[in-house]
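Take a look at the structure set out below.
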Amino acid sequence: IPREREEFVPHITLARVKGTRNIEKLVKLLGEVANVDFGYTEVDEVFVKKSVLTPSGPIYSNLCSVKLL
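The sequence shown begins at 1456 in my numbering and counts up by one.
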């Protein structure tokens, strides 16, 4: 696998926004839910995914997975 040109920054993508047409609505919504407790969920497996952005949308693939104890 060739090395990436840019430094890898691990992150979790919670949402993807295409364009800025309704950005004011998004900013308002984020402000309204900023302090909302959405509860919790148990995680028993983590997937490392790859996303390739294409003109017709992202293509996702699993690189590996790890079962958690």
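From the three backbone atoms N, C-alpha and C, an ideal C-beta is built for every residue, glycine too.
Rounded separation between residue i and residue j - CA only
| i | j | result |
| --- | --- | --- |
| Leu-1523 | Val-1503 | 13 Å |
| Asp-1499 | Val-1521 | 9 Å |
| Ala-1470 | Leu-1485 | 12 Å |
| Val-1491 | Glu-1479 | 20 Å |
| Leu-1518 | Leu-1508 | 16 Å |
| His-1466 | Lys-1505 | 12 Å |
| Entirely enclosed beta strand (DSSP E) segments - the stretch 1468–1521, minimum 3 residues | Correct list: 1500–1509.
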